[in-house]
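As structure tokens, the structure follows; a few thoughts come after it.
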Amino acid sequence: MHAPEAWACLGVKVMKKTWEKSIEADCRGQSAKIRDGWSLDSKSRRYAIRWATDPQPMREWDREADGASIRVPEQTKLGFDLTFCSYMPLASPVALLKKAKPAGPVLIMATTHLVDLYLEVDGVPQTDGHICCGEGEMTNESAIANARSAVPSDLEDAIEKALRDGPPGEGGMAGQPWATLVGKELGEEAHIIHLPLIAADLESACISESESYGPMLLHKFSELLSSVGAGKHKWSLRLSWRGVVHNERLLIEGQFDGGINVQPETYMKKDPNFKAIVEGLMEQAHVVYDQPGLSCTFELDVPAKWVGSGPERFAEQMNPHFKGDVEEYCLIALRCASRGASANQALTVISRVGTPAHIVLDGYTWAGGLTEHSSYDEAFERFMAWGLWYNPDDNSDDADGVMVKFWCTKYTRKGGQPVSQDWESENIGMFKCVAQRIKNKNVRAAIERDASIWNA
5 MHAPEAWACL GVKVMKKTWE KSIEADCRGQ SAKIRDGWSL DSKSRRYAIR WATDPQPMRE
65 WDREADGASI RVPEQTKLGF DLTFCSYMPL ASPVALLKKA KPAGPVLIMA TTHLVDLYLE
125 VDGVPQTDGH ICCGEGEMTN ESAIANARSA VPSDLEDAIE KALRDGPPGE GGMAGQPWAT
185 LVGKELGEEA HIIHLPLIAA DLESACISES ESYGPMLLHK FSELLSSVGA GKHKWSLRLS
245 WRGVVHNERL LIEGQFDGGI NVQPETYMKK DPNFKAIVEG LMEQAHVVYD QPGLSCTFEL
305 DVPAKWVGSG PERFAEQMNP HFKGDVEEYC LIALRCASRG ASANQALTVI SRVGTPAHIV
365 LDGYTWAGGL TEHSSYDEAF ERFMAWGLWY NPDDNSDDAD GVMVKFWCTK YTRKGGQPVS
425 QDWESENIGM FKCVAQRIKN KNVRAAIERD ASIWNA
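For any residue, its number in the working numbering is found by taking its place in the sequence shown, counting from 1, and adding 4.
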């Protein structure tokens, strides 16, 4: 079952209004700023694709990609970006039950973590079928394995199956995409798809909305530029996102029963028809495609400087507003990074893990990087850090080390009971730690850069 604009033709006006109101409430942060800055709404314009070759807030982007003639400057840190924004979230309704137990109507929605990117260059379709999730030089098999870390754990199998099956070859979707983007950022509340395509360094190119797939997308686009060559070319791009319905992570827009919002598991238990429909939807690919605003054609003039030269990754910056003692917390992170979740992720890139060569404190600047939490069930202190390791088998400048983002957590209460334990490295929420390749020379540069702050 396909889902283009499904919510608009479901036939229950009350549900449609409820759905729109929930969108107004749920769209916030970067998505809300872009949506409002681009004047998108539910009636006159739902989608837009815009471009930039210089750093500026996305909400201020005013250059439409469709019909544009774009020259990539030789001297720019950014290079070339496209960003798609939708008034509606990517998680689209795929079924409506007008009557349901205990209360109806109810919408069933597909969770979206995959976006297919179709490309033509000078009229020639590019059908490489890259899967973009992780670092630039990964094979599709490695990217699929990495995708399991980039989506909620209860969707790992469903997303892997969708990647291996590919997009359905029906309804105008025949042909293989140039690339499929995979990431937690493309999930249920996503309104934007950020496409970093040309850049000098990964740190400036990828934002939080593209950190899962952006590095590999940049690498593959660099390879494509090497194939088509420098100069002016006509590019046509089309976006199509795929969703999955899964009973372990079921998205609904339901009703209220006795003043309480009805949860998906309640419908699954009390309504056999609802359960049967969900199980049927789990076997299908839910695709949004060929809607006005999901495609664009433009002329792109690329100087030879950018052809075949993919971006490098540099270490993240130390949080300048960290509210704790920087040296103390760096030493804590240094001690626990070589075991647990962070070490496990580092081992996906390098052959063995010891004490990191360097630590960078991360975390939300406005919060000072430190979080304290206390409830009946648990109490802890937590901060976010990056551990940087050299390649243990090759000390040369251009050998790949690894940089891993993880939580450092110290629990004082678990399961309602006091505990006494050391700091430990943890995955970041429902997602695994972020592991990124970084050259040895850039690990050394980070140590030199931060020498006045702290040094391991």
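Beta carbons: idealized from backbone N, C-alpha and C, even for Gly.
Between which two residues does the alpha helix (DSSP H) carrying residue i extend?
i	result
Tyr271	Pro268 to Lys274
Gly344	Gly344 to Ala350
Leu335	Val330 to Cys340
Throw me the rounded Cβ distance for the residue i and residue j pair, which I believe falls under 8 Å.
i	j	result
Thr115	Val248	6 Å
Gly182	Thr131	In the sequence on display, residue 182 carries Trp and not Gly. Confirmed, Cβ separation roughly 7 Å.
Leu365	Phe326	5 Å
Gly420	Asp381	6 Å
Gly358	Arg50	That belief does not hold up - the Cβ atoms of Gly358 and Arg50 are roughly 52 Å apart, past 8 Å.
Leu374	Gly328	5 Å
Leu221	Cys136	5 Å
Cys300	Ser429	43 Å between Cβ atoms; not a contact.
Ser342	Asp397	Not a contact, Cβ separation roughly 17 Å.
Tyr271	Val406	The pair is not a contact, with the Cβ atoms about 44 Å apart (cut-off 8 Å).
Gly133	Asn150	16 Å between Cβ atoms; not a contact.
Leu304	Trp393	In fact, because the Cβ distance is near 38 Å, the residues do not count as touching under 8 Å.
Lys309	Glu145	At roughly 33 Å, the Cβ-Cβ gap does not stay under 8 Å, so Lys309 and Glu145 are not in contact.
Trp55	Leu86	5 Å
Cys412	Gln349	14 Å between Cβ atoms; not a contact.
Between the alpha carbons of residue i and residue j, how many angstroms are there, rounded?
i	j	result
Asp401	Lys445	5 Å
Leu285	Ile256	13 Å
Asp158	Glu164	12 Å
Leu254	Arg246	15 Å
Ala69	Ser456	44 Å
Ser346	Cys334	15 Å
Glu469	Ala383	This structure cannot speak to residue 469, because the chain is shown only from 5 to 460.
Asp58	Val306	15 Å
Ala361	Ser46	51 Å
Glu218	Val282	The question names Glu, but residue 218 is Gly in the sequence shown. So the two alpha carbons sit approximately 32 Å from each other.
Leu190	Ile197	7 Å
Gln321	Asn459	14 Å
Leu100	Asn277	12 Å
Val423	Lys414	10 Å
Ala450	Asp404	15 Å
Ser244	Pro171	9 Å
Lys102	Glu213	35 Å
Lys273	Ile74	55 Å
Ser226	Lys418	48 Å
His250	Asp161	10 Å
Glu332	Leu338	10 Å
Gly344	Glu215	23 Å
Ser48	Gln295	14 Å
Tyr91	Ala194	10 Å
Arg168	Gln288	14 Å
Glu302	Arg242	In the sequence under discussion, the amino acid at residue 302 is Phe, which differs from the Glu named in the question. Each residue's Cα considered, the two are about 12 Å apart.
Pro156	Lys188	7 Å
Asp120	Gln425	45 Å
Glu64	Asn399	44 Å
Ile442	Asn395	9 Å
Glu207	Ala104	48 Å
Glu269	His290	22 Å
Gly108	Asp275	11 Å
Val76	Leu118	28 Å
Trp427	Ile336	7 Å
Looking at the unbroken beta strand (DSSP E) that takes in residue i, where does it start and where does it end?
i	result
Lys445	Run containing Lys445: none in the beta strand (DSSP E); it sits in the alpha helix (DSSP H), Asn444 to Arg453.
Tyr51	Tyr51 to Ala56
Phe387	Ala383 to Trp393
Glu376	Leu374 to Ser378
Val186	Ala183 to Val186
Asp366	Where Asp366 is concerned, there is no enclosing beta strand (DSSP E), given that its DSSP letter is neither H nor E.
Thr87	Phe84 to Ser90
Met198	Just to set this straight, residue 198 is His in the shown sequence, not Met. First-last of the beta strand (DSSP E) with His198: Ile196 to Ile202.
Ser73	Ser73 to Arg75
Quiz item: Which parts of the segment 99-172 are runs of the alpha helix (DSSP H), unbroken and 4 residues or longer, counting only runs that do not cross its ends?
Solution: Whole alpha helix (DSSP H) segments, 4+ residues: 144-154 and 160-169.
Self-check item: Sufficient close CB pairs (3 or more, under 8 Å) joining the segment 120-128 to the segment 373-388
Solution: Judged by Cβ distances under 8 Å, the segment 120-128 makes no contact with the segment 373-388, as fewer than three pairs qualify.
Self-check item: Contiguous alpha helix (DSSP H) assignments of at least 4 residues, all confined to the segment 205-256
Solution: For the segment 205-256, the continuous alpha helix (DSSP H) assignments of 4+ residues that do not extend past its boundaries occur at 206-209 and 218-232, in sequence order.
Quiz prompt | Contained beta strand (DSSP E) runs [length at least 3] in the segment 285-317, N- to C-terminal order | solution = Counting whole runs of 3 or more residues, the segment 285-317 contains the beta strand (DSSP E) stretches 290-292 and 299-306.
Self-check item: Continuous beta strand (DSSP E) assignments of at least 3 residues falling wholly in the segment 397-447
Solution: Secondary structure remark: continuous beta strand (DSSP E) runs of at least 3 residues inside the segment 397-447, in chain order: 404-418, 428-430 and 438-443.
Quiz item: Taking one C-beta from the segment 73-84 and one from the segment 199-219 each time, how about it: are there three or more such pairs within less than 8 Å?
Solution: Taking a cut-off of 8 Å for Cβ pairs, the segment 73-84 and the segment 199-219 touch, as three or more such pairs fall below it.
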